[in-house]
Amino acid sequence: MKRIFCPKCDNQLSFDETKYPEGKVLAFVCPQCTHQFKIRLGRKIVRSKSGEEKEVKEPDFTYGFIRVIENNFGFKQDLPLVLGDNVIGRRNKDTDGVDIPIITSDPSMGRKHCIINVKQKSEDEIIYTLRDYPSLTGTFLKNVCLGKNEQVRLDNDDIITIGATTFILKAKDSE
Numbered sequence: 000m001k002r003i004f005c006p007k008c009d010n011q012l013s014f015d016e017t018k019y020p021e022g023k024v025l026a027f028v029c030p031q032c033t034h035q036f037k038i039r040l041g042r043k044i045v046r047s048k049s050g051e052e053k054e055v056k057e058p059d060f061t062y063g064f065i066r067v068i069e070n071n072f073g074f075k076q077d078l079p080l081v082l083g084d085n086v087i088g089r090r091n092k093d094t095d096g097v098d099i100p101i102i103t104s105d106p107s108m109g110r111k112h113c114i115i116n117v118k119q120k121s122e123d124e125i126i127y128t129l130r131d132y133p134s135l136t137g138t139f140l141k142n143v144c145l146g147k148n149e150q151v152r153l154d155n156d157d158i159i160t161i162g163a164t165t166f167i168l169k170a171k172d173s174e
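Everything in the sequence shown is counted per numbering that gives the first Met the number 0, starting at 0 for the first residue and increasing by one.
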């Protein structure tokens, strides 16, 4: 199932993209705001406000990723990490400054909730650290709340909870 968002109200819609050939143009009507819009299957091109077109590439999982566990608020998501700070928070149409937007309706997750820093020490060693942004509901590592200004080192398969949403760190080269 492919998930898309209405460009007007940001409502989430889903459809089975395997039923259509690549390059096919599909028309949708948003059930929430009745806005009509089209998408083209295949390569994704985004237009900026200045009119420039840019092709969006497939996600790069070179430096690991976080796996958001499916819950009452959303669905399973794999979101790639990049070198440096990765600001993680709730996806919102108007939110800027979030590197990893989690698609959820979880009201207890902040728009900017926590930060995972990825640092490459050597070609074989990558160090992951976690800190709260700060958020109102806190950031939990293995069910222990991080203190104010506390930064902790993460290992592969560490479980992190922000709000009512849980995700797992998948380090570089993990299955």
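Glycine residues also receive a C-beta, built at the ideal position from the N, C-alpha and C atoms.
Just so we're clear, the structure is a prediction, and the values are computed from it rather than from any experiment.
- Beta-bridge analysis with DSSP links residue 141 to no other residue.
- Counting other Cβ atoms within 10 Å of its Cβ, residue 169 reaches 16 or more and is therefore classed as buried.
- According to the DSSP secondary-structure assignment, residue 161 is paired through a beta bridge with 138, 164.
- In the three-state scheme derived from DSSP, where H, G and I count as helix and E and B as strand, residue 37 is classed as strand.
- Here DSSP, grouped into helix, strand and coil, assigns residue 103 to coil.
- Look at the beta carbons and you see the segment 136-148 not touching the segment 30-43: under three pairs across the two are nearer than 8 Å.
- Counting C-beta pairs with one atom in each stretch, the segment 89-104 and the segment 116-131 have fewer than three that are closer than 8 Å, which means they do not touch.
- Residue 110 and residue 19 have their C-alpha atoms some 34 Å from each other.
- A straight line joining the alpha-carbon of residue 66 with that of residue 9 spans about 23 Å.
- The alpha-carbon separation between residue 36 and residue 68 amounts to approximately 30 Å.
- For residue 26, the pairing in a beta bridge is given by DSSP as 37.
- Classified as buried, residue 117 has 16 or more neighbouring CB atoms from the shown chains inside 10 Å of its CB.
- Around the beta carbon of residue 5, a 10 Å sphere encloses 16 or more other beta carbons of the protein chains shown; the residue is thus reported as buried.
- Here DSSP, grouped into helix, strand and coil, assigns residue 128 to strand.
- According to DSSP, residue pairing for residue 118 in a beta bridge involves 126.
- Annotation for residue 49: no beta strand (DSSP E) segment contains it, and DSSP assigns it neither H nor E.
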